[in-house]
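Letter by letter, the sequence shown follows residues 28 to 308 in our numbering.
Backbone N, C-alpha and C fix where the C-beta goes; we use that ideal spot for every residue, glycine too.
Every value quoted in this text rests on a predicted model; they were computed, and no experiment measured them.
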Amino acid sequence: MKSEDVIVKEKHIKWDKIFYGDDWVNNVVETIRTKDILQSVYLKRYLLRAMMAGFIIGIITVFVLSVKATHEPDLPPGIVNMASAITFSFALVLILFTNSELLTSNFMYFTVGLYYKVIKPTRVLKIFLLCFAGNILGAAILFSFMRFSNVMTPDMLNQLSAVIEHKTLSTGFVSILMKAIFANFFINISLVIAMQIDDVLAKMFVMMFGVTIFAFMGYEHVVYNSCLFMGGLIYQVDTLHFIPAISNIAAAFIGNYIGGGLIIGLFYAYLNDHHQFYKNN
């Protein structure tokens with residue numbers, strides 16, 4: 028007859044095979060501690076990393092506007108939307124491989140940290156706000172640079188105006204919130220899978236397909252939307268209005284946290300909590 032220790036050990040091994048296990052949790056916790064130290068000791072460096080993420084999203088947004096403006100007159104809308112979605116997926120790859128700080132991926136990481144009590148809620152809130160501010164500032168710098176060039180053509184500005192109008196004037200708060208949940212679900216489920224992969228090309232593919240899905244479906248991403256609004260502000264787009272833009276950002280922020288922080292972060296933190304497993308046995 029097997030002892031209780033042997034049975035628990037065998038169950039622990041099976042638990043790791045079914046779920047991601049200790050390696051995933053330890054990886055996330057180590058990342059959280061690194062981010063926490065970075066923003067608390069090297070605040071300027073953390074802000075610069077967040078600004079780089081916003082800068083990258085801004086420049087990829089300009090790329091997407093160019094793709095739409097160039098091909099929309101000649102190709103079916105579905106083909107143009109798919110090409111634009113694939114184009115936008117480059118942003119997450121660039122952000123992750125440059126170790127830049129993106130708010131929506133931090134939602135997952137720090138919710139895991141809160142669950143395992145490795146970081147205080149006040150520090151998490153500070154990191155979220157600092158990261159978001161850096162993301163917006165990075166986009167502002169990018170579009171300010173663009174303003175002194177002729178990169179943004181009239182057709183691209185028309186595309187920007189149409190997107191802003193759709194996001195702020197044609198979509199309600201609840202609809203934005205729901206679509207924001209789906210957006211960050213796909214982003215962070217891609218990150219969870221990518222964390223288990225060593226091959227660089229496979230990792231890139233996994234990250235790109237999650238972003239492609241949410242971009243093609245027109246889901247809401249708080250940082251992307253903020254970058255669009257910053258571009259609209261700098262280029263003085265007529266369809267940008269303060270209250271609808273703030274409402275969009277608030278709904279997208281909450282929805283992105285639910286999708287990435289709760290549905291992915293809290294979900295996998297709970298599944299991989301081996302302490303609960305031992306208590307139940």
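For K230, the enclosing alpha helix (DSSP H) begins and ends at 227–244. Under the 8 Å Cβ criterion, the stretch 64–75 does not count as touching the stretch 203–223, having fewer than three qualifying pairs.
Inter-residue distance for P104 and A167 is about 29 Å (C-alpha atoms, whole angstroms). In the three-state reduction of the DSSP assignment, Q66 falls in the helix class, which pools H, G and I.
Cβ contact annotation for S188 (same chain, cutoff 6 Å, sequence separation greater than five): V264, T266, in chain order.
DSSP places Q186 in the uninterrupted alpha helix (DSSP H) bounded by 181–196. Taking each of A80, F82, I83, V107 in turn and checking the Cα distance to S93, the smallest one comes out for V107.
Using a 10 angstroms sphere on the CB of N283, the tally of other CB atoms reaches 16 or more, which defines it as buried. Using a Cβ-Cβ distance cut-off of 8 Å, the stretch 79–95 and the stretch 157–166 are in contact, since at least three pairs of beta carbons, one from each stretch, lie closer than that value. When only Cα atoms are considered, Q186 and K144 end up about 45 Å apart.
The alpha helix (DSSP H) runs of length 4 or more contained entirely in the stretch 250–285 are, from start to end of the chain, 269–283.
Between I291 and N177, the C-beta gap is not smaller than 9 Å, which leaves the two residues out of contact.
Taking the C-beta atoms as reference points, S111 is found nearer than 9 Å to K95. Rounded to whole angstroms, N252 and N211 show a C-alpha spacing of 13 Å. Taking a cut-off of 8 Å for Cβ pairs, the stretch 147–157 and the stretch 224–232 do not touch, as fewer than three such pairs fall below it.
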